[in-house]
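*Asks:*
Residue numbers (UniProt numbering): 1 to 215.
(1) Mark residue 131 as exposed unless 16 or more other C-beta atoms lie within 10 angstroms of its C-beta, in which case mark it buried.
(2) On the DSSP letters alone, give me the boundaries of the beta strand (DSSP E) that residue 94 sits inside.
(3) In angstroms, rounded to a whole number, what distance separates the CA positions of residue 144 and residue 209?
(4) Using a Cβ-Cβ cutoff of less than 6 Å, which residues in the same chain neighbour residue 102 once the five nearest sequence positions on both sides are dropped?
(5) Label residue 198 either buried or exposed according to how many other C-beta atoms from any shown protein chain fall within 10 Å of its C-beta, with 16 as the threshold for buried.
(6) Please go through the same chain and pick out, in chain order, the residues whose beta-carbon is closer than 6 Å to the beta-carbon of residue 147, but skip the five residues on each side of it.
(7) Do the stretch 109-128 and the stretch 80-92 make contact, defined as three or more Cβ pairs closer than 8 Å?
(8) Have a look at residue 98 and residue 179 and give me their C-alpha separation to the nearest angstrom.
(9) Give me, in chain order, the residues of the same chain whose beta-carbon lies closer than 7 Å to that of residue 29; leave out the 5 immediate sequence neighbours on both sides.
(10) Tell me whether the beta-carbon of residue 139 lies closer than 7 Å to the beta-carbon of residue 203.
(11) Under three-state DSSP, which class holds residue 37?
(12) Quick one: what's got a C-beta closer than 7 Å to residue 177's C-beta in the same chain, skipping five residues either side?
(13) Name, in chain order, the residues that DSSP records as bridge partners for residue 66.
(14) Along the chain, where does the beta strand (DSSP E) containing residue 193 start, and where does it finish?
(15) Buried or exposed: which applies to residue 207, given that a residue is buried once 16 or more other Cβ atoms fall within 10 Å of its Cβ?
(16) Which residue wins for smallest C-alpha separation from residue 75, given the options 90, 51, 60?
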């Protein structure tokens, strides 16, 4: 995770809507709503930061379900822990862990990445995550994936490339996310939002009956 986040933890909640051009809170809502889980499910929020999306995911799984949040940055996770303690959420677990090494110890029903995967090593994290995502389980990724198809997308991508180092992202890694999803997930859906500055990609891990993915 970008070292700047260690120092931004105290202002992150208020700054997040600003540096995301107002898209941040909406992205969290869209990611949470895109997770097709039932009450009682287990969802992992990878790169949970200060826990801004935990309440939304908890609503989806209900009191019988579980939300697991992980982050590498101690100060960000400390704020998430205070949020969980203040709300009295008994079914939310938080861990400080590297995305490439984390293992919840059980198969989970869904995994979400909200503006976190391109800040890591996408291929390593992606394949690690697939190991504990149950067959048929869902993955939802929101990131600054370069967009194409509209006349203004080159300008948007140029701005995104300029901004990426400031938020710890990388357009090359972001572009890799879409490739990984299409190669290793099934029923992949892509939703380009905020004029192409952000993209939400969702799909599910292959299960018996699905054609071989990646062939």
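For glycine and all other residues, C-beta sits at the position ideal for the given N, C-alpha and C.
*Replies:* Let's see:
(1) On the chain shown, residue 131 is found 131 positions in, with the first residue counted as 1. Burial state of residue 131 is exposed, judged by a 10 Å Cβ sphere holding fewer than 16 other Cβ atoms.
(2) The residue you call residue 94 lines up with position 94 of the chain shown. Segment 92-96, the beta strand (DSSP E) holding residue 94.
(3) For the purposes of this step, residue 144 is taken as residue 144 along the chain shown, with counting starting at 1. For the purposes of this step, residue 209 is taken as residue 209 along the chain shown, with counting starting at 1. Distance between the alpha carbons of residue 144 and residue 209: 32 Å.
(4) Indexing the chain shown from 1 puts residue 102 at position 102. So the qualifying residues of the chain are 70.
(5) Position 198 of the chain shown, counted from the first residue, corresponds to residue 198. Buried, by the Cβ-count rule.
(6) Numbered from its first residue, the chain shown carries residue 147 at position 147. Excluding sequence neighbours, residue 147 sits near 153, 192, 196.
(7) Look at the beta carbons and you see the stretch 109-128 not touching the stretch 80-92: under three pairs across the two are nearer than 8 Å.
(8) Here residue 98 refers to the residue found at position 98 of the chain shown. Here residue 179 refers to the residue found at position 179 of the chain shown. So the two alpha carbons sit approximately 22 Å from each other.
(9) Here residue 29 refers to the residue found at position 29 of the chain shown. Contacts found: 56.
(10) Counting from 1 along the chain shown, the entry for residue 139 is found at position 139. Counting from 1 along the chain shown, the entry for residue 203 is found at position 203. Contact: yes.
(11) Translated into the one-based positions of the chain shown, residue 37 becomes position 37. Note: residue 37 maps to coil in three-state DSSP.
(12) In the chain shown, the residue the question calls residue 177 occupies position 177. Around residue 177: 117, 118, 122, 141, 143, 145, 201.
(13) Here residue 66 refers to the residue found at position 66 when the chain shown is read from its first residue. Paired residues: 42.
(14) The residue given as residue 193 occupies position 193 in the chain shown. Looking at the DSSP string, the run of the beta strand (DSSP E) that includes residue 193 is 186-193.
(15) Translated into positions along the chain shown, residue 207 becomes position 207. Answer is exposed; the Cβ neighbour count stays below 16.
(16) In the chain shown, residue 75 corresponds to position 75, counting from 1. Looking only at 90, 51, 60, the smallest Cα-Cα distance to residue 75 is reached by 51.
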